[in-house]
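Asks: Okay, handing you the structure first.
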Amino acid sequence: MRYALDMDIAFKTQLRPNNRQRTYFAKASGTARFCWNWALAEWNRQYELHRDGQGDRPSGMALKRQFNALKKTEYPWVYGVTKYASQQPFIAFQRAFSDWMKDLKSPKPAAVWISASRPWPQSRGAR
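For the sequence shown, the positions run 47 to 173 when my numbering is used.
Here is the structure:
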């Protein structure tokens with residue numbers, strides 16, 4: 047009997063965070079969301095200046111450097127979570143805008159919001 051060698055194996059994992067972990071996850075997610083939205087607002091502002099002939103075209107890495115320069119004085123609460131929560135959104139932001147610039151017909155990257163109807167996921171059926 048022959049078996050397919052290209053079989054995919056998947057594992058389903060459920061997190062059951064305690065209250066302290068749930069709070070930390072919420073802070074990290076909120077920090078990442080804030081960084082994405084900050085980068086979007088700043089990119090839009092800088093892109094308008096670039097279109098008017100003032101300044102360079104914005105990039106995700108330049109925005110990351112600007113945010114890192116500001117975070118100690120303006121946003122010290124980002125130090126309360128892992129550094130990746132405030133750094134990875136800029137990398138994803140750069141990729142999203144690079145992809146959008148290649149194909150301007152696709153939708154422009156937008157702000158990320160948390161829905162009031164779907165707040166932080168509660169553990170359904172957790173024992």
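No residue lacks a Cβ here, since even glycine has one placed at the ideal position from N, Cα and C.
As the structure is a prediction and not an experimental result, all values here were calculated from the model.
Excluding five sequence neighbours on each side, which residues of the same chain lie with their C-beta closer than 7 Å to the C-beta of G101?
Replies: Q92 and L95
Asks: State the Cα-Cα distance for the pair E88 and R141, rounded to the nearest angstrom.
Replies: 16 Å
Asks: Could you tell me if the beta carbon of G101 falls within a distance shorter than 6 Å of some heavy atom in the ligand COA?
Replies: With respect to small molecules bound, the structure shown includes none, and the ligand COA cannot be examined in it.
Asks: Below 8 Å, can you find three or more Cβ-Cβ pairs linking the stretch 58–77 to the stretch 121–139?
Replies: Yes: at least three Cβ pairs fall under 8 Å.
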